[in-house]
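Below is one structure, written out as structure tokens; comments come after it.
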């Protein structure tokens, strides 16, 4: 992957945005960074650049959240997430770049549709804590989507939000879950060749933006309404998601 100015500009914004999301708003929209970067770079390269950045953000946000997570609520999605990561690895080995673009775009647009449906009360969240089995299933889906598009936040949130953790407890538990899953993703990413000299160099250059974003997110968690941040997220995800779907389908439609 040549590190062009387009990649650096998109990467700066993607790293900053992912840092803000993971640092202060529960990781649900952090995968917008991967979607943005996938518009100007091959999907595999975008995933390879973003994972080290997400791990840097994990380390930066883990300390402010230390021991504020729910221990049981952390274990269940992680246990489900590990086989989900394995499924993601298997899918990635079979999929070509255009199929990955379509999948990442579909996840982005689907996330926006799901959020809007919940806010319009067309869908309702669980009124009681979801059982262990539901948490494991949510973990499997989170592990799969996290590997193929760094989009594990929404399925994990379905389970975690039902557990009544509170704003800070939910944020801390999400950080802990994806700290573990991002470590689990790193090994297969290395074997699949997603970490190259170019992607690691790009991640190194972009890491200050990720750390700045994480710090902004930690501070914004206390003062910025989540609705304002998510409104921007929905626009970005819709635009980038539709663009990725069109780019992925165009070669197949001739």
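Residue numbers (the working numbering): 56 to 309.
Glycine included, each C-beta is placed from N, C-alpha and C at the ideal position.
In or out: residue 59 buried (at least 16 other Cβ within 10 Å) or exposed? exposed
If we ignore side chains and look at the alpha-carbon of each, how far apart do residue 129 and residue 269 end up? 21 Å
Residue 76 versus residue 232 - alpha carbon distance: 15 Å
Leaving out five residues before and five after residue 108 in sequence, what residues of the same chain have Cβ atoms less than 7 Å from its Cβ? 70, 73, 258, 261, 262 and 265
Considering only residues of the same chain and omitting the five flanking positions on each side of residue 95, which have a CB-CB separation below 7 Å? 61, 62 and 65
Pop quiz: residue 125 and residue 218 are said to be a contact at Cβ under 8 Å. What is the actual Cβ separation, rounded to whole angstroms? 6 Å
Give the single residue among 102, 80, 78 and 67 whose Cα lies nearest to the Cα of residue 244. 102
How long is the line joining the alpha carbons of residue 301 and residue 159, rounded to whole angstroms? 12 Å
Cβ neighbours of residue 152 in the same chain (closer than 6 Å, five flanking residues each side left out): 97 and 98
Would you mind stating whether residue 189 and residue 210 have Cβ atoms separated by less than 8 Å? no
Have a look at residue 248 and residue 183 and give me their C-alpha separation to the nearest angstrom. 43 Å
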